[in-house]
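Asks:
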Amino acid sequence: MNKITLIKPDDFHLHLRDGAALASVVGDSARQFARAVIMPNLSPPVVSVAQAMAYRQRILDCLPESSGFKPLMTLYLTDNANRDEVDRVVDNDNVYAFKYYPAGATTNAEAGVTHIEKVFPLLEYMAEKDVPLLVHGEVADTGVDVFDREKVFIENVFSSLVEKISSLRVVFEHITTIDAVQFVEAASERISATITPHHLAFNRNAIFRDGINPHHYCLPILKREEHRQALLEAATSGSPKFFLGTDSAPHATGAKENACGCAGIYNAHAAIEIYASVFDKMNQLGSLEKFASKNGAGFYRLPLNTRKITLRKEAWRIPDKLAFAGSELAPFMAGETCRWKLVHEQ
Ligand code: DOR
Ligand code: ZN
1081 MNKITLIKPD DFHLHLRDGA ALASVVGDSA RQFARAVIMP NLSPPVVSVA
1131 QAMAYRQRIL DCLPESSGFK PLMTLYLTDN ANRDEVDRVV DNDNVYAFKY
1181 YPAGATTNAE AGVTHIEKVF PLLEYMAEKD VPLLVHGEVA DTGVDVFDRE
1231 KVFIENVFSS LVEKISSLRV VFEHITTIDA VQFVEAASER ISATITPHHL
1281 AFNRNAIFRD GINPHHYCLP ILKREEHRQA LLEAATSGSP KFFLGTDSAP
1331 HATGAKENAC GCAGIYNAHA AIEIYASVFD KMNQLGSLEK FASKNGAGFY
1381 RLPLNTRKIT LRKEAWRIPD KLAFAGSELA PFMAGETCRW KLVHEQ
């Protein structure tokens, strides 16, 4: 197969930032994706529907109307979140979910939830109102090995959460382990997961190839090859529980190439092309449309997009750097060859 046409995909996990950074990156996502679930970890975080709606407008202001891009907004869950805000989400057509960051687990997660018990009553209310929870599934405990934080989160937090509030709809975001794949597969249809291009394309050796590679550092961190294989199986399985979420998270080169480099990989410049290359390598291009354009819409109960995109098998070189907020960033797979290319939209 040298050409593939898909229903225009959606990105169910995206960091767009704000201000000049937002203006630099949002066009990349809008070119490939019809809709995207927008992460609320700005500084300060997006905690109210009013703030989410203002942020949504700033996103739309950066795009021409013809783009048709629809941001699906989310709120940042804190210990202080209340039922009124859940009601406002229910009444609003542009805000879709709450995002749960364990406090301190990742970039701008300082305001996250300190103990899951603190938000249990609110999560019960969200379940009652059918508002989904998007989960950063890692414990923030620095005593736990960084490669085990997702597994320990499943064992110590997630299993009991899912069991105790069994009607809550949950997206286990950017899963990275065989443990997460098996957990999601065994759980009810209310539990689903997103998978990133970088966790499908690379294992943890990428962080240490010929020296230390800060541009491959993200959270959850890349894992062993056996985990990557489990993610590949899940993504290409056709199961409606697994869908596309890039977790594209831009940081300027100087913030990554640093004594204490930030976590986050920018992949929105070529996300669908990298997913296509990965699926092709697995001989599974036939299941790409489900993963990229159908499964997530099903979980979020959104209509399928009417636009289409076409990709062609054509090798092209990913640029070494891209302009970013008056500075620059190193995109995912900078300088490497991508084997599929987005050629047009219908
Ligand atoms: O690597 C990451 N970067 N993981 C996250 O969860 C947040 C993100 C960011 O916002 O930079
Ligand atoms: Zn993220």
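Residues in the sequence shown are numbered from 1081 upward in steps of one, following the numbering used here.
Think of the CB as a built atom: it goes at the ideal place given N, C-alpha and C, for glycine as much as any other residue.
1. Which residue's Cα is closest to the Cα of HIS1186: VAL1169, VAL1215 and THR1386?
2. Report the option in LYS1179, ILE1301, PRO1411 and PRO1212 whose CA atom is closest to the CA atom of LEU1248.
3. Using the DSSP secondary-structure output, state which residues sit across from PHE1263 in a beta bridge.
4. Less than 6 Å separating the Cβ of CYS1298 from some heavy atom of the ligand GDP?
5. In terms of residue numbering, what span does the beta strand (DSSP E) encompassing SER1272 cover?
6. I'd like the span of the beta strand (DSSP E) that includes GLU1394, first residue to last.
7. Whole alpha helix (DSSP H) runs in the region 1190–1259 with 4 or more residues, listed along the chain?
8. In three-state terms, what does DSSP make of GLU1416?
9. Using the Cα positions of ILE1301 and GLU1230, report the straight-line distance between them to the nearest angstrom.
10. So, do the region 1353–1369 and the region 1406–1425 have three or more beta carbon pairs nearer to each other than 8 Å?
11. Just curious, the beta strand (DSSP E) that TYR1156 is in, first and last residue?
12. With 16 other CB atoms within 10 Å as the buried threshold, where does ALA1315 fall?
13. Which residue from ASN1236, ASP1141, PRO1277 and LYS1321 puts its Cα closest to that of ALA1266?
14. Excluding sequence positions up to five away, which residues of its chain have a Cβ less than 8 Å from the Cβ of GLU1190?
15. Can you tell me whether ASP1159 is buried or exposed, with buried defined as 16 or more other CB within 10 angstroms of its CB?
16. Since ALA1310 and HIS1296 are thought to touch, with beta carbons under 8 Å apart, how far apart are those beta carbons, to the nearest angstrom?
17. Using the Cα positions of ALA1403 and LYS1179, report the straight-line distance between them to the nearest angstrom.
18. Among the candidates ILE1275, PHE1379 and ARG1304, whose CA atom is the shortest distance from the CA of PHE1288?
19. At the level of alpha carbons, what is the spacing between VAL1074 and SER1128?
20. Roughly how far, in whole angstroms, is the beta-carbon of VAL1250 from the beta-carbon of VAL1232, given that I think they are within contact range, below 8 Å?
21. Could you round the C-beta distance between ILE1292 and ALA1260 to whole angstroms and report it? I think they count as a contact, below 8 Å.
22. Mind the definition here: the region 1324–1331 touches the region 1341–1349 only if three or more C-beta pairs lie below 8 Å; say whether that holds.
23. Go ahead and label SER1109 buried or exposed: buried means 16 or more other beta carbons lie within 10 angstroms of its beta carbon, across all protein chains shown.
Replies: This is what the structure gives:
1. According to the sequence provided, residue 1186 is Thr. The question's His does not apply to it. Nearest of VAL1169, VAL1215 and THR1386 to THR1186, Cα basis: VAL1215.
2. Ranking LYS1179, ILE1301, PRO1411 and PRO1212 by Cα distance to LEU1248 puts PRO1212 first.
3. In the DSSP output, where bridge partners are listed per residue, PHE1263 has none listed.
4. Although the ligand GDP was asked about, the structure shown includes only the ligand DOR and the ligand ZN as ligands.
5. Secondary structure note for SER1272: its beta strand (DSSP E) is the uninterrupted segment 1271–1275.
6. Note, GLU1394: beta strand (DSSP E), 1388–1397.
7. The DSSP assignment places 1196–1209, 1229–1233 and 1239–1244 as complete runs of the alpha helix (DSSP H) inside the region 1190–1259, in order along the chain (cut-off: 4 residues).
8. Three-state result, GLU1416: coil.
9. About 10 Å.
10. Pairwise C-beta distances place the region 1353–1369 in contact with the region 1406–1425, as three or more of them are shorter than 8 Å.
11. Annotation for TYR1156: the continuous beta strand (DSSP E) segment containing it runs 1150–1156.
12. Around the Cβ of ALA1315, a 10 Å sphere holds 16 or more other Cβ atoms; the residue is buried.
13. ALA1266 has its Cα closest to that of LYS1321, out of ASN1236, ASP1141, PRO1277 and LYS1321.
14. In its chain, beyond the 5 residues on either side, ALA1183 and GLY1184 have a beta carbon closer than 8 Å to the beta carbon of GLU1190.
15. Flag for ASP1159 reads exposed.
16. Not a contact, Cβ separation roughly 19 Å.
17. Distance between the alpha carbons of ALA1403 and LYS1179 is about 29 Å.
18. Nearest option by C-alpha distance: ARG1304.
19. Residue 1074 cannot be examined here, being either before or after the span of the chain that is shown, 1081 to 1426.
20. Contact between VAL1250 and VAL1232 does not hold, since their C-beta atoms are separated by about 18 Å, which reaches or exceeds 8 Å.
21. Contact flag wrong, Cβ pair sits at about 26 Å.
22. In this structure the region 1324–1331 lies against the region 1341–1349, because at least three pairs of beta carbons, one per stretch, are closer than 8 Å.
23. Classification for SER1109: buried.
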